[in-house]
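> Protein chains in written order, with numbering that gives the first Met the number 0: chain A, 0 to 313; chain B, 0 to 348.
Glycine included, C-beta positions come from ideal geometry on N, C-alpha and C.
Okay, here's the structure, questions in a sec.
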Amino acid sequence: MDLFDILLSASFWAAAIRIASPLIFATLGELICERAGVLNLGIEGIMVAGAFAGWMAVYSGAGLWTGVAVAMAVGMLFGLVHSLLTVPFGLSQHVVGLGVTLLATSSTYYAYRLALPEVTSPPKIAAFKPWEIPLLSDIPLIGPALFSQTPLTYLAFVLVGVVSVVLYRTPLGLALRAAGENPAAVAAQGLSVTGLRMGAVIVGSGLMAVGGAFLTMSAFDSFFFEMVNGRGWICIALVVFGAWKPGKALLGAVLFAAFDAAQIRVQQTSLGADIPYQIFLMTPYVLSILALIAMSRRAEVPAALMVPFNKGER
Amino acid sequence: MRLEPIANPGFARSTLPPVLAIATTVVVASALAMLAGANPFAVLGLILKGAAGSKFALLETLNRATPLIFTGLAVAVAFRARFWNIGAEAQLYAGALMTVVLGTGALPWEAGALLPVLALAAMLAGALVLLVPAILKVRFGVDEVVTTLLFNFIFLLFISLLLEGPLKDPMGMGWPKSERVVAEARLPRIVEGLRLHWGFALALIAAGVVWVIERRSTLGYEMRAVGLNREAARFAGIPVNAVLIKTALLSGGLAALAGFSEVAGLKGSLTLDLSPGFGYTGIIVAMLALLNPLAVVAAALFVAGIFVGADSMSRAVGVPTYLADIMLATALLLMVLAILLTRFRVVRE
């Protein structure tokens, strides 16, 4: 099977969309934070926490959607910690973000060990099943890729639209973007920069956690250590690649996932057998760096990203 | 709420917040220990005893602190210039890799000649690994946080590739592990019979040297200026990009010494679990030390103590060792807040 066959196979595109889904949630979450002016490096840990919380809730008897809600709530809790320290107190977003990642990851692992002290292989849950959309899922190539995915994937795509509309078509979105570009102007309008930024970080963190939950509740059906494996950092690269715009970020995530799905398939060909598997595993990270380089000159970084705002200060 | 600088902070103002931060961390740890069904006083006591309760425990803590001093210094130097090197883990492995490549018989020299060469070669390797993100930053404006983070993943896979290929120990029973370095490439123990190698002494020397560079050299002055305000530094005629590159080389070299010291002093060979995240923990060490090179030593001892203590506590009462990581994350977040509150007061509007 050569590359051309791979690109024309329905299972390849279905896999690409599946791989893209958690990235879409988390990238949207990070994008919301950054648009309001806050870099959220807690993303990696929050995804771990979301992956565990959603899965654990379902394992303990909750429904799947309740599990998603639990994951989101846990993510928002870590978002609250992050935003409290970075927004009103204006502490270093780098340090706090990495601290939140460490806190979220270690408390997740601690909770896992307490909840399941004696297991060697993690138990499975009944994860989300694909919803076949009638008629549409019968279209060749596009059908299996776009219309027989799990509901969380559909939710991810819908959210891209929702976030776009909110950001660009509502007063809230305008205020949020202004908080990331020119916070003094927002304050002059009588709006609370602190409130807007904290809200953005809390909601954004919730979405990151849902991205993590996708891994344990839709892509796989159990939780294991190191499962997020740098996806959070890749999402930060995707936000830059997408020039802080939801639509472009979606495109970036799908493109990235397509590369990832392709490398898995090339690995299994005769060509791939001669190349060490580590080279394939490196490609997502290398691609992210290349994407950052490609976009570096054109990117329109929110002007007040990483700049704390202390009212009354000039 | 609003933050207002305090002109002359009194004694209470400058000591109370950090003390409260540590106290809160202890309370959080106790609560988590209780959640695990253990007696919190017993858990904290066991951590203390495991970290410093015996000669063996103390030496173990010093050994564990050694790589953390190096990575802590690496992060402190970089963060001082506001160059966000989150890639100390990759640079550590670069140093370890160089030590193994040159230390397994390639250079037929006496220990006195071989060890300095290995250390310098390791530093060079680490510096080169960080040079790439540094160039990407100054040349293309690519954010170094993401690139250094992603480099950790790439470099660890690269090490894995080498350990399963060209560097694989033929006698390793199939484990991905390098050959052992020759006897001349082993750092001797400081005192015969005590399990503590010269890597620890080297770490102390490194802390002193970095302190001198930061406080007494032009580069140190420029690094601080670039860290305080990049635009102002540029306006004052400081070659900002050159300073960032030099900072990166120094930082990468320091982190690589951690890898050199772990291989030459402790493990003797390179494996994929050489570092249980020393590069990342270096960030906590540096922050707890407020980026002061001498305080890095104290912070590394504290952090190492918690890890070693938690290991031995976990063996005794079965509370997961992740308690140590939670304590450190909590301490880090509360400490940065506490330090802010020693200089600012919160004003309600």
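#1: Can you confirm whether the region 89-109 of chain B touches the region 145-161 of chain B when touching is taken to mean that 3 or more C-beta pairs between the two stretches lie within less than 8 angstroms?
#2: Is any beta-carbon of chain B found at less than 8 angstroms from that of residue 49(A)?
#3: Looking at the secondary structure, which residues open and close the beta strand (DSSP E) in which residue 1(B) lies?
#4: When you check each C-beta in the region 261-289 of chain A against every C-beta of chain B, which residues fall closer than 9 angstroms?
#5: Pairs of beta-carbons, one from the region 31-49 of chain A and one from the region 102-120 of chain A, closer than 8 angstroms: are there three or more?
#6: Go to residue 344(B), then tell me how far its alpha helix (DSSP H) extends in each direction, as first and last residue.
#7: Please name the residues in the region 98-109 of chain A whose beta-carbon is closer than 7 angstroms to at least one beta-carbon of chain B, in chain order.
#8: Within the 8 angstroms Cβ cut-off, does residue 319(B) reach chain A?
#9: Kindly identify the DSSP beta-bridge partner or partners of residue 188(B).
#10: Can a CB atom of chain B be found closer than 8 angstroms to the CB of residue 229(A)?
#11: Hey, out of 254(B), 187(B), 178(B) and 316(B), whose CA is closest to residue 100(B)'s CA?
#12: Using 10 angstroms around the beta-carbon of residue 231(A), count the other beta-carbons present and answer buried if the total reaches 16, otherwise exposed.
#13: Buried or exposed for residue 313(A), going by 16 or more other Cβ atoms inside 10 Å?
#14: Could you check whether the Cβ of residue 159(B) sits closer than 8 angstroms to any Cβ belonging to chain A?
#15: Could you please give the first and the last residue of the uninterrupted alpha helix (DSSP H) stretch that includes residue 89(B)?
#16: Am I right that residue 108(A) and residue 224(A) are in contact with their C-beta atoms under 8 angstroms? What's the rounded C-beta distance?
#17: If you pair each beta-carbon of the region 3-18 of chain B with each one of the region 268-283 of chain A, do three or more pairs fall below 8 angstroms?
#18: Residues of chain A with CB closer than 7 angstroms to the CB of residue 166(B), please, in chain order.
#19: Take the Cβ of residue 24(B) as the centre, count every other Cβ of all protein chains shown within 10 Å, and call the residue buried at 16 or more, exposed below.
#20: Go ahead and label residue 168(A) buried or exposed: buried means 16 or more other beta carbons lie within 10 angstroms of its beta carbon, across all protein chains shown.
#21: Could you check how far apart the C-beta atoms of residue 213(A) and residue 21(A) are, in whole angstroms? I think they sit under 8 angstroms.
#22: Based on Cα-Cα distance, which residue from 136(B), 337(B) and 82(B) lies nearest to residue 282(B)?
#23: Should residue 229(A) and residue 241(A) be called a contact, given that it needs their Cβ atoms to be closer than 8 angstroms?
#24: Looking only at C-alpha atoms, which of 146(B), 340(B) and 37(B) sits nearest to residue 130(B)?
#25: Where do the N-terminal and C-terminal ends of the alpha helix (DSSP H) with residue 272(B) fall, by residue?
#26: Measuring alpha carbon to alpha carbon, tell me which residue in 43(A), 194(A), 207(A) and 12(A) is nearest residue 69(A).
#27: Checking 8 angstroms against the spacing of the C-beta atoms, do residue 238(A) and residue 33(A) come in under that value?
#28: Check the Cβ of residue 146(B) against every Cβ in chain A and list those closer than 8 angstroms, keeping chain order.
#29: Would you give the residue range spanned by the alpha helix (DSSP H) that residue 64(A) belongs to?
#30: Please check if any C-beta of chain A sits within less than 8 angstroms of the C-beta of residue 324(B).
#31: Whole angstroms is fine: what's the gap from residue 105(B)'s alpha carbon to residue 49(B)'s?
#32: Apart from the five residues just before and just after residue 39(B), which ones in its own chain have a Cβ nearer than 6 angstroms to its Cβ?
#33: In whole angstroms, what is the alpha-carbon distance linking residue 110(A) and residue 161(B)?
#34: Expressed to the nearest angstrom, what Euclidean distance is found between the alpha-carbon atoms of residue 298(B) and residue 126(B)?
#35: I want to verify the contact list: residues of chain A whose CB lies under 7 angstroms from the CB of residue 153(B), in sequence order.
Considering the structure as presented:
#1: yes
#2: As a first step, residue 49(A) is located in the first sequence; it is residue number 50 there, counting from the start. Taking Cβ atoms only, chain B never reaches closer than 8 angstroms to residue 49(A), which makes this a no.
#3: Residue mapping note: residue 1(B) aligns to position 2 of the second sequence, counting from 1. Its beta strand (DSSP E) spans residues 1-4.
#4: 275, 276, 277, 278, 280, 281, 283, 284, 285, 287 and 288
#5: yes
#6: Here the question's residue 344(B) lines up with position 345 in the second sequence. Unbroken run through residue 344(B) is the beta strand (DSSP E), 343-346; no alpha helix (DSSP H).
#7: 98, 101, 102, 105, 106, 108 and 109
#8: Indexing the second sequence from 1 puts residue 319(B) at position 320. Cβ-Cβ to chain A under 8 angstroms: yes for residue 319(B).
#9: Within the second sequence, numbered from 1, the residue matching residue 188(B) stands at position 189. Residue 188(B) pairs with 196(B).
#10: The residue labelled residue 229(A) in the question sits at position 230 within the first sequence. Interface residue, yes.
#11: Working through the second sequence from its first residue, we reach residue 100(B) at position 101. Nearest C-alpha to residue 100(B): 178(B).
#12: Here residue 231(A) refers to the residue found at position 232 of the first sequence. Result: buried.
#13: Locating residue 313(A) in the first sequence gives position 314, where the first residue counts as 1. For residue 313(A), the predicted structure reports a pLDDT of 42, less than 50, and the residue's modelled location is therefore unreliable. The matter cannot be settled from this model.
#14: Taking the second sequence and counting its residues from 1, the one referred to as residue 159(B) is at position 160. So, interface residue.
#15: The residue given as residue 89(B) occupies position 90 in the second sequence. That run of the alpha helix (DSSP H) goes 87-102.
#16: Position 109 of the first sequence, counted from the start, is the residue given in the question as residue 108(A). Position 225 of the first sequence, counted from the start, is the residue given in the question as residue 224(A). Their Cβ separation, rounded to whole angstroms, is 7 angstroms, which keeps residue 108(A) and residue 224(A) in contact under 8 angstroms.
#17: no
#18: What you label residue 166(B) is simply residue 167 of the second sequence in a count that begins at 1. The contacting residues do not exist; residue 166(B) stays about 13 angstroms from chain A at best.
#19: Residue 24(B) sits at position 25 when you count from the first residue of the second sequence. It is buried - the Cβ of residue 24(B) has at least 16 other Cβ atoms within 10 Å.
#20: Counting from one through the first sequence, the residue named residue 168(A) turns up at place 169. Residue 168(A) should be labelled exposed.
#21: Sequence index remark: in the first sequence, residue 213(A) carries index 214 (1-based). Sequence index remark: in the first sequence, residue 21(A) carries index 22 (1-based). That belief holds up - the Cβ atoms of residue 213(A) and residue 21(A) are roughly 4 angstroms apart, short of 8 angstroms.
#22: The residue labelled residue 282(B) in the question sits at position 283 within the second sequence. Considering only alpha carbons, the answer is 82(B).
#23: The sequence position of residue 229(A) within the first sequence is 230, counting from 1. The sequence position of residue 241(A) within the first sequence is 242, counting from 1. Not in contact: residue 229(A) and residue 241(A) (Cβ atoms no closer than 8 angstroms).
#24: Locating residue 130(B) in the second sequence gives position 131, counting from the first residue. Residue 146(B) is the option with its Cα nearest to residue 130(B).
#25: Position 273 of the second sequence, counting from 1, holds the residue named residue 272(B). Taken as a continuous stretch (DSSP letters only), residue 272(B) belongs to no alpha helix (DSSP H), as it is neither H nor E.
#26: Reading the first sequence from its first residue, position 70 is the one you call residue 69(A). Answer by Cα proximity: 207(A).
#27: For this step, residue 238(A) is matched to residue 239 along the first sequence. For this step, residue 33(A) is matched to residue 34 along the first sequence. Yes, they are a contact pair.
#28: Against the second sequence, residue 146(B) aligns to sequence position 147. Ordered by position in chain A, the residues that pass the 8 angstroms Cβ test against residue 146(B) are 288 and 291.
#29: As a working mapping, residue 64(A) is identified with position 65 in the first sequence. Note, residue 64(A): alpha helix (DSSP H), 63-85.
#30: The sequence position of residue 324(B) within the second sequence is 325, counting from 1. Taking Cβ atoms only, chain A reaches closer than 8 angstroms to residue 324(B), which makes this a yes.
#31: Within the second sequence, the letter at position 106 stands for residue 105(B). Within the second sequence, the letter at position 50 stands for residue 49(B). So the two alpha carbons sit approximately 40 angstroms from each other.
#32: By one-based count along the second sequence, residue 39(B) stands at place 40. Same-chain partners within the cutoff: 29, 32 and 33.
#33: In the first sequence, counting from the first residue as 1, residue 110(A) sits at position 111. In the second sequence, counting from the first residue as 1, residue 161(B) sits at position 162. Distance between the alpha carbons of residue 110(A) and residue 161(B) is about 35 angstroms.
#34: As a first step, residue 298(B) is located in the second sequence; it is residue number 299 there, counting from the start. As a first step, residue 126(B) is located in the second sequence; it is residue number 127 there, counting from the start. Distance between the alpha carbons of residue 298(B) and residue 126(B): 24 angstroms.
#35: Locating residue 153(B) in the second sequence gives position 154, counting from the first residue. Within 7 angstroms Cβ-Cβ: 281, 284 and 285.
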